[in-house]
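Engineer: In order, the protein sequences belong to chains F and R.
Using our numbering, read the first sequence as starting at 58 and increasing by one per residue.
Using our numbering, read the second sequence as starting at 14 and increasing by one per residue.
Just so you know, even glycine gets a beta-carbon here, dropped at the ideal spot from N, CA and C.
Source: prediction; values computed, not measured.
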Amino acid sequence: MTNTAWTRKDLLGLEDLSREEIELILATAETFKEVSTREIKKVPALRGKTVVNLFFEPSTRTRVSFEVAAKRLSADVINIAVETSSVKKGETLIDTGTNIQALKADIIVMRHNCSGAAQVFAQHVDLSVVNAGDGWHEHPTQALLDIFTLKEKLGKIEGLNVTIVGDIAHSRVARSNIWGLSKLGAKVTVCAPKMLIPAGFEVFPAQVTHNLDEALAKADAVNVLRMQFERDGQTAFPEQMEYFRNFGITEERIAKAKKNILVMHPGPLNRGIEISSEVADGQNSVILEQVTNGIAVRMAVLFLVAQARDRKNAIANKKRPRN
Amino acid sequence: MRLLIKNGRVIDPASKTDEILDVLIDNSRIANISKDIKNGSSQIIDATGKIIIPGIVDMHVHLREPGREDKETVLTGTLAALKGGVTSVLAMANTNPAMDCPESLDILKQIIKKSAKCNVYICAAITKKRQGRELVNIARLKKSGAVALSDDGVSVDEKVLFSKAVKKAKQSGILIICHCEDLRLSGGGVMNLGAVSTRLGLKGIPRESEYKRVERDIILAKETLGSVHIAHVSCKESVDIIAQAKKKGAKVTAETAPHYFTLTEEAVSGYNTNMKMNPPLRTQADRQAIIEGLKSGVIDAIASDHAPHTVNEKDVEFDRAEFGTIGLETSLSLGITELVDKNILTWPELVKKFCLNPSKILKIDKGTLRAGADADIAIVSADKEWTVDKKALISKSKNSSFLGRKLKGIVEYTICRGEIVYKYGIHR
Chain F
58 MTNTAWTRKD LLGLEDLSRE EIELILATAE TFKEVSTREI KKVPALRGKT VVNLFFEPST
118 RTRVSFEVAA KRLSADVINI AVETSSVKKG ETLIDTGTNI QALKADIIVM RHNCSGAAQV
178 FAQHVDLSVV NAGDGWHEHP TQALLDIFTL KEKLGKIEGL NVTIVGDIAH SRVARSNIWG
238 LSKLGAKVTV CAPKMLIPAG FEVFPAQVTH NLDEALAKAD AVNVLRMQFE RDGQTAFPEQ
298 MEYFRNFGIT EERIAKAKKN ILVMHPGPLN RGIEISSEVA DGQNSVILEQ VTNGIAVRMA
358 VLFLVAQARD RKNAIANKKR PRN
Chain R
14 MRLLIKNGRV IDPASKTDEI LDVLIDNSRI ANISKDIKNG SSQIIDATGK IIIPGIVDMH
74 VHLREPGRED KETVLTGTLA ALKGGVTSVL AMANTNPAMD CPESLDILKQ IIKKSAKCNV
134 YICAAITKKR QGRELVNIAR LKKSGAVALS DDGVSVDEKV LFSKAVKKAK QSGILIICHC
194 EDLRLSGGGV MNLGAVSTRL GLKGIPRESE YKRVERDIIL AKETLGSVHI AHVSCKESVD
254 IIAQAKKKGA KVTAETAPHY FTLTEEAVSG YNTNMKMNPP LRTQADRQAI IEGLKSGVID
314 AIASDHAPHT VNEKDVEFDR AEFGTIGLET SLSLGITELV DKNILTWPEL VKKFCLNPSK
374 ILKIDKGTLR AGADADIAIV SADKEWTVDK KALISKSKNS SFLGRKLKGI VEYTICRGEI
434 VYKYGIHR
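1) Cα separation between D367 (chain F) and D224 (chain F)?
2) In this structure, what does DSSP give as the bridge partners for C191 (chain R)?
3) Just how far apart, CA to CA, sit L95 (chain R) and K379 (chain R)?
4) Between the Cα of L217 (chain F) and the Cα atoms of F:F261, F:A256, F:I204, F:A357, which residue gives the shortest distance?
5) Would DSSP call W399 (chain R) helix, strand or coil?
6) Go ahead and pull the three-state DSSP assignment for C131 (chain R).
7) Can you look up F112 (chain F) in the DSSP assignment and give me helix, strand or coil?
8) Roughly how many angstroms separate the alpha carbons of K404 (chain R) and D113 (chain R), rounded to a whole number?
9) For A62 (chain F), count neighbouring Cβ atoms within 10 angstroms of its own Cβ and tell me buried if that reaches 16, exposed if not.
10) Given a cut-off of 8 Å on the beta-carbon distance, is the pair L233 (chain R) and S168 (chain R) in contact?
11) What residues in its chain sit with their C-beta under 7 Å from that of K98 (chain F), if we drop five residues either side in the sequence?
12) From the DSSP output, in three-state form, read off V247 (chain F) for me.
13) Give a yes or no on whether the minimum CB-CB distance between G217 (chain R) and chain F is below 8 Å.
14) Which runs of the beta strand (DSSP E) at least 3 residues long sit entirely within the region 147 to 171 of chain R? Give them in chain order.
15) For I407 (chain R), verify whether its CB is less than 7 Å away from any heavy atom of the ligand NAD.
16) Does the pairing of the region 79 to 92 of chain R with the region 37 to 49 of chain R give three or more beta-carbon distances under 8 Å?
17) Consider the Cβ of S284 (chain R): report whether some Cβ of chain F lies at a distance smaller than 8 Å.
18) If we ignore side chains and look at the alpha-carbon of each, how far apart do L150 (chain F) and K327 (chain R) end up?
19) Using a Cβ-Cβ cut-off of less than 9 Å, list which residues of the region 311 to 334 of chain R approach chain F; keep chain order.
20) I want to know whether the region 175 to 190 of chain R touches the region 140 to 154 of chain R - three or more CB-CB distances under 8 Å.
21) If the criterion is Cβ atoms closer than 8 Å, does the pair I304 (chain R) and F274 (chain R) meet it?
22) Step through the CB atoms of chain F and report whether any lies within less than 8 Å of the CB of G80 (chain R).
23) In this structure, how does DSSP classify L103 (chain R) when only helix, strand and coil are distinguished?
24) Considering only the alpha carbon of each residue, which of F:P325, F:L273, F:M284 lies closest to R311 (chain F)?
25) Does V187 (chain F) come within less than 8 Å of chain R when only Cβ atoms are used?
26) Go to N20 (chain R), then tell me how far its alpha helix (DSSP H) extends in each direction, as first and last residue.
27) Count the other CB atoms, across all protein chains shown, that sit within 10 Å of the CB of P271 (chain R); report buried if there are 16 or more and exposed otherwise.
28) Bridge partners for G217 (chain R) per DSSP, in chain order?
29) Check the C-beta distance from S414 (chain R) over to T338 (chain R) and give it rounded, since I have them as a contact under 8 Å.
30) Distance cutoff 8 Å, beta carbons only. Does T211 (chain R) sit that close to anything in chain F?
31) Is there at least one Cβ from chain R nearer than 8 Å to L150 (chain F)'s Cβ?
32) Are three or more beta carbon pairs between the region 316 to 329 of chain F and the region 337 to 344 of chain F nearer than 8 Å?
33) Taking the straight line between their C-alpha atoms, what separation do you get for D67 (chain F) and V362 (chain F)?
34) On the premise that E271 (chain F) lies in contact with R232 (chain F), defined as a C-beta separation below 8 Å, what is that separation, rounded to the nearest angstrom?
35) Can you check whether the CB of V133 (chain R) is closer than 8 Å to the CB of I125 (chain R)?
36) So is R220 (chain R) buried or exposed if we call it buried at 16+ other beta carbons inside 10 Å?
Below, the structure written as C-alpha cells:
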C-alpha cells in the first residue's frame with residue numbers, strides 16, 4: 058500500500074494526479090466497495106456534510122451514481138439540474154458557485170458542457186469540487202471506475218494493453234482514461250476513424266490506429282465509447298452503418314481477440330451502433346460491474362476530498378488567532 | 014508655451030537620428046533638435062539616461078465608444094494610451110452604431126472632441142453594419158475624416174464585394190485593413206487548433222482560417238491594383254504569404270500584436286480567458302515566425318489590438334468568454350522586453366514598427382521627431398522594470414494577457430501636441 062496522503066480539496070482531472078494519488082483513490086475505493094454489500098448499506102464517513110450535485114448538462118447515470126455514493130457515506134444530497142435552476146435566467150457560473158457556498162455545502166459534484174468549467178469554478182469557491190465531466194476535457198471518476206474494474210478483474214494495470222474505441226475527439230472519458238491508465242503503466246491504444254482523432258493528439262501518451270482488428274489483437278481490454286451521431290453537425294462524422302461495419306464491437310471481432318478480453322462501456326449503450334447486443338450482454342462484458350464499482354470509486358473520491366478540505370480548514374482555524 | 018527636453022537619446026528613424034540631443038518644443042510643434050539648446054525661459058525636462066521617441070501610433074485599437082461604454086470609452090482608452098506612450102490611435106469601426114456613415118462618424122468625432130486625451134483617428138467600416146452585404150459610401154466617409162476602412166472582427170466574405178471595396182478605396186486614396194478570417198473554417202473554435210486545444214478539450218481554430226484569407230485578400234488586391242493592410246498576423250503561413258507577395262511587388266503591409274510575439278497557445282492551459290483572443294495564440298513555431306517577420310521587415314508594424322471586455326464577459330466558462338486582450342499600456346514595454354532586450358530589433362527598428370511605419374501606412378503626418386512635426390513624444394526609461402498589476406491599469410477593462418508579468422521599460426512622459434499630458438503615474 059501507498060503512503061501518500063491525499064491533499065487535494067478538488068478532483069478536477071487525472072492529468073494532474075500522480076500515480077500514487079490514483080493508487081490511493083483505488084485503494085480507498087476497495088475498502089468502500091464492501092459497504093454496498095452490507096445489509097445496512099451506510100457508513101457515517103460524511104455524516105453532517107452536504108453534497109450538491111450541480112448538473113449543467115443532462116445526465117442520469119453519473120448523477121445517480123454520485124447520489125448513491127454520497128448517501129452511503131451518510132451525506133445529505135441536493136440535486137440541482139440546469140433546467141430548474143437560475144442559470145437559465147442568466148446567472149453566471151461563479152455566482153451559482155458562491156451561492157451554493159453560502160448554503161454551507163461542502164462538496165459540489167459538477168457536470169458542465171464547457172471544458173474547464175470545473176477548474177474555473179474551483180478557483181472561485183472554497184468548497185470541494187468534483188468534476189463529473191467537463192466538455193470534451195475530463196471525466197475523472199469514470200476513468201477511475203474503469204481502471205478500478207480493470208484492476209479488480211485482471212489483478213493489475215501495469216503492462217496491460219487497453220484499447221479505447223470511438224469518438225476520441227469529443228470524449229472526456231477517453232482523455233481521462235488515457236491519463237490514468239498511462240500513469241499506472243498500461244499501454245493505451247485508441248482506435249477511431251481519422252476524422253475522430255483530434256489534431257495534435259501526439260500530446261497524449263497513446264498509440265493511434267484506424268484498424269479495429271489490429272487494435273484488438275493485443276488488447277487485454279477494450280473500452281467502447283458511446284457514439285453520438287447527433288453531434289454538432291459541423292465536424293465531419295462517419296455514417297452510422299459504415300461506422301458499425303468498421304468500428305462496431307461484434308462477436309466476430311471479439312472471437313478473434315484474446316480469449317478473456319474485457320469489454321467495457323461507460324454507458325448508456327447504443328446497441329447495434331458501437332457495440333452489438335451479443336457482446337454487451339456476453340461473458341466478456343463487465344459493463345454492469347463498472348456501474349457497481351462506480352459507487353465505490355465515487356465514495357472514495359467524495360471521502361478523500363472532504364477529508365482534505367477538513368484538514369485544510371482545521372489548519373487554517375488553528376492559525377487564526379483567538380481574540 | 015515652450016518646452017525643452019534636455020540630454021536624451023533621441024531616436025527618430027525618419028531622420029535617421031539616434032544620438033544624445035535636446036528637443037525644443039514651441040507651440041505644439043518640434044522647433045529644434047540639436048545639441049545643447051540654450052533657452053532660459055522654457056520649462057525643462059531632464060531626459061538624461063532616457064530615450065526620446067515619437068509618440069506611438071497604435072493602428073489597431075477598440076475604444077468601444079459609442080455603444081459599449083461599459084468596456085471602454087474614448088476618455089479611458091486614450092488615458093490608457095498615454096500611459097503606454099501612445100499619442101495616436103486608430104479607433105476600430107465595430108462600435109454601435111458601426112462607423113458606416115458620416116452621421117455615425119459625426120457622433121464619434123463629437124465624443125473625441127469632448128473627451129479624447131490623445132489623437133484619435135477613425136477607421137470606418139467597409140460594409141454597412143459590418144455585415145458584409147453592402148458597401149459603405151467610401152468617398153463620403155473619407156471626406157468625413159476616416160483614414161482607413163475595416164470591418165475588423167469579421168472579414169468581407171464576398172469576393173466580388175471585397176474587390177469592389179479595394180477598387181473604390183484606391184480611387185479615394187484610403188487604406189483597407191483586413192481582418193483575415195474565414196469563419197466557416199474557424200467553425201466556432203475558441204483557441205488555436207492543435208495539441209493544447211486537444212489536451213484541454215477545447216474547440217480549435219485551424220490556422221487555415223487566417224492564412225487562406227490573407228492569401229485571398231492579397232490576390233484580390235493585386236487583381237484590382239489596390240493595396241491592403243493585413244491586421245493582427247498570428248501564424249507562420251501568413252508571414253510566408255505576405256513575404257512572397259511583397260517580393261513580387263504586391264502593395265501589402267502587415268501588423269502583428271505584442272501577444273503574438275510574446276505568448277503561445279500554452280498560455281491557455283488553465284483556461285485563462287485573458288488568453289482567449291482572435292486570431293488565437295498560436296504555437297512556438299508561429300511565434301518564432303512572427304519574430305522573424307518583424308526582423309526581416311515582412312511585418313511592418315506593431316499594433317496592440319487593444320480589445321477591452323468587462324469582468325462579466327471574461328470571468329466565465331472559456332467557451333463563453335469574449336475574444337481579446339487589452340494592450341495599450343503594455344505594448345511598448347513588451348516591445349522592449351521581448352524584441353530589443355532579446356536583440357531581435359534595435360531601438361530604431363522598434364520605433365519604426367511602433368511609430369513611423371504605422372504613420373506611413375495610414376498616411377498621417379505622425380511618427381517622427383523632425384523639426385516642424387507635431388510635438389507628439391514619449392520619454393522612456395528603458396531599463397526600469399514594472400509588474401503588470403490589475404489595480405494599476407488605466408483602461409476601464411482589466412482583461413490583460415500580461416497580468417503579473419514583469420516587463421521592462423516605463424514611460425516617464427508623454428507629450429501630445431506639445432503638452433505634457435502624462436508624467437509617470439500622473440495624467441494631466
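Structural biologist: If we stick to the structure as given:
1) 39 Å
2) R:I243
3) 15 Å
4) F:I204
5) strand
6) coil
7) strand
8) 36 Å
9) exposed
10) no
11) V92, R129
12) strand
13) yes
14) 159 to 162
15) Ligands displayed in this structure: none; no statement on the ligand NAD is therefore possible.
16) no
17) Ser is not the amino acid found at residue 284 (chain R); the sequence shown has Tyr there. Answer yes: the Cβ-Cβ gap between Y284 (chain R) and chain F drops below 8 Å somewhere.
18) 12 Å
19) N325, D328, V329, E330, F331, D332, R333
20) yes
21) yes
22) no
23) strand
24) Residue 311 (chain F) is actually Ile in this sequence, not Arg. Nearest of F:P325, F:L273, F:M284 to I311 (chain F), Cα basis: F:L273.
25) no
26) Not the alpha helix (DSSP H): N20 (chain R) falls in the beta strand (DSSP E), residues 15 to 25.
27) buried
28) R:M204
29) 4 Å
30) yes
31) yes
32) yes
33) 6 Å
34) About 22 Å separates the two Cβ atoms, so there is no contact after all.
35) yes
36) buried
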